[in-house]
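Numbering-wise, full-length UniProt numbering puts 239 at position 239 of the sequence shown, and it's gapless, one number per residue.
From the three backbone atoms N, C-alpha and C, an ideal C-beta is built for every residue, glycine too.
For clarity, every value in this text was computed on a predicted model and none was experimentally measured.
This report concerns only the one structure given below.
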Amino acid sequence: MTAGPASDADVARWTASLGLPGLVDLHVHFLPKPVMDKVWAYFDQASTHYGTDWPVHYRTSEQERLETLRSLGVRQFAPLVYPHKPGMAEWLTSWALEFASHVPEAVPTGTFYPEPGAGSAVDGALRAGARVFKAHVQVGAYDPRDELLKPVWGALADAGVPVVVHCGHGPLRGDFTGLSVFEEVLARYPDLTAVLAHAAMPEFGTAFDLLAKYPRVHLDTTMVGVPFAEAMSPLPPDWTARLAEFADRVVLGTDFPNIPYSYATQLQAIAGWAADDRLGEPFLRAVLHDTPLRLLSA
């Protein structure tokens with residue numbers, strides 16, 4: 001079994017040792033500078049919000065962050081954007097599409113909010129080439145079952161384009177978080193390619209139940225199993241056994257740059273799961289490259 005990378009400087013070498021051309025990260029954040037500044041200001045007050053400090057590890061300029069990803073060997077990434085109020089979604093989607101047009105590794109992305117015109121805006125983004133969307137139920141504080149989102153979920157299901165959905169209770173419970181809420185969306189749109197951000201922590205067991213019920217639901221690894229998150233949402237004892245049931249429906253996500261630890265730390269956690277004989281290097285190659293690439297190529 002190949003051990004995880006010792007540090008960020010070792011990531012590219014370690015990835016190559018697995019026979020991979022690079023990493024494909026489905027959960028990265030690039031945002032317009034004023035928005036990113038506000039996000040970082042929120043994390044500056046993390047001890048108030050979360051009860052623990054959250055120092056952003058990669059708090060650098062946009063260009064420096066791109067160079068960091070390249071040095072790590074990230075071959076493709078999804079720069080996810082998300083609104084926290086009405087009137088932001090179309091602007092953020094336009095920004096993300098423009099960003100991807102001049103960053104070769106960036107996949108065109110989009111987002112939405114339950115407001116009039118959401119369906120037509122998503123249709124326009126799909127026509128413009130968006131290949132993955134982000135829905136942040138916790139930050140947006142909206143009900144994913146809202147009638148205004150019916151055309152959105154329907155369009156995404158029909159297009160087969162994945163949507164990364166932050167619908168779990170972690171790190172903070174919201175008015176409409178929880179998999180029991182989002183399952184109502186899946187029941188209505190069973191063909192939706194939904195990626196449960198953060199593996200829907202802390203509802204890991206329920207997340208696997210949804211994977212068993214809906215064959216197009218996936219998990220991303222964002223913050224899962226790293227020491228920082230283990231203190232808040234520890235993995236269940238049967239984690240690797242359940243992963244083995246769905247080894248081809250887990251994708252790399254990191255939350256770069258807004259993480260309070262190094263990129264290598266996430267890869268170390270994933271490598272630790274792969275030490276289970278039921279997973280191994282085939283699982284690593286699938287999670288780190290093959291499965292996210294397949295979703296982005298759908």
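At least 8 angstroms separates the beta-carbon of glycine 124 from that of proline 108. A Cβ-Cβ separation of about 15 angstroms leaves valine 217 out of contact with methionine 201 under the 8 angstroms criterion. Check the Cα spacing between valine 137 and each of Ala3, Ala274, Tyr82: the tightest is with Tyr82. About 14 angstroms separates the Cβ atoms of tyrosine 142 and proline 116, ruling out a contact at the 8 angstroms cut-off. Between histidine 198 and glycine 170, the gap from beta carbon to beta carbon is short of 8 angstroms. The beta carbons of leucine 211 and arginine 249 sit closer together than 8 angstroms. Assigned with DSSP and collapsed to three states, phenylalanine 176 falls in coil, not helix or strand. The three-state secondary structure of lysine 134, taken from DSSP, is strand. Glutamine 76 is bridged by DSSP to Val24.
By the C-beta density criterion, histidine 29 is buried, having at least 16 other C-beta atoms within 10 angstroms. Note that the C-beta distance between leucine 296 and valine 132 is below 8 angstroms. In the DSSP assignment, threonine 111 is bridged to Lys134.
In this structure aspartate 175 is exposed. Its beta-carbon is surrounded by fewer than 16 other beta-carbon atoms within 10 angstroms. By the Cβ-count criterion, serine 17 is exposed, with fewer than 16 other Cβ atoms from all chains shown falling within 10 Å of its own Cβ. Glycine 87 and alanine 118 have their C-alpha atoms some 10 angstroms from each other. The three-state secondary structure of histidine 57, taken from DSSP, is coil. Separation of phenylalanine 208 and aspartate 255 (C-alpha to C-alpha, rounded to the nearest whole angstrom) is 21 angstroms.
Taking the C-beta atoms as reference points, leucine 149 is found no nearer than 8 angstroms to arginine 75. The residues Leu66, in chain order, have a CB closer than 7 angstroms to that of valine 103 in the same chain once the five nearest residues on each side in sequence are set aside. Nearest to aspartate 8 by alpha-carbon distance, out of Thr193, Ala135, Gln268, is Gln268. At a Cβ-Cβ threshold of 8 angstroms, valine 122 and valine 152 count as neighbours. Closest by C-alpha distance to proline 5, out of His289, Leu126, Ile270, is Ile270. Nearest neighbour of arginine 188 by Cα position, chosen from Ala78, Asp146, Arg13, turns out to be Asp146. In terms of Cβ geometry, proline 260 and histidine 84 do not form a close pair [threshold 8 angstroms]. Relative to valine 195, the option among Thr60, Pro162, Leu172, Ala264 whose CA is nearest is Pro162. Comparing C-alpha distances from tyrosine 214 to each of Ala229, Asp191, Thr206, Gly272 shows the shortest one belongs to Asp191. By alpha-carbon distance to leucine 92, the top candidate from Glu184, Phe204, Val35, Asp276 is Val35. Its chain contains Ala46 as the residues whose beta carbon lies nearer than 7 angstroms to that of threonine 52, once the 5 sequence neighbours on both sides are disregarded; these appear in chain order. Take arginine 70, set aside five residues on each side of it, and no residue of its chain has a beta-carbon closer than 6 angstroms to its own. A direct Cα-Cα distance of roughly 11 angstroms separates serine 94 from serine 101.
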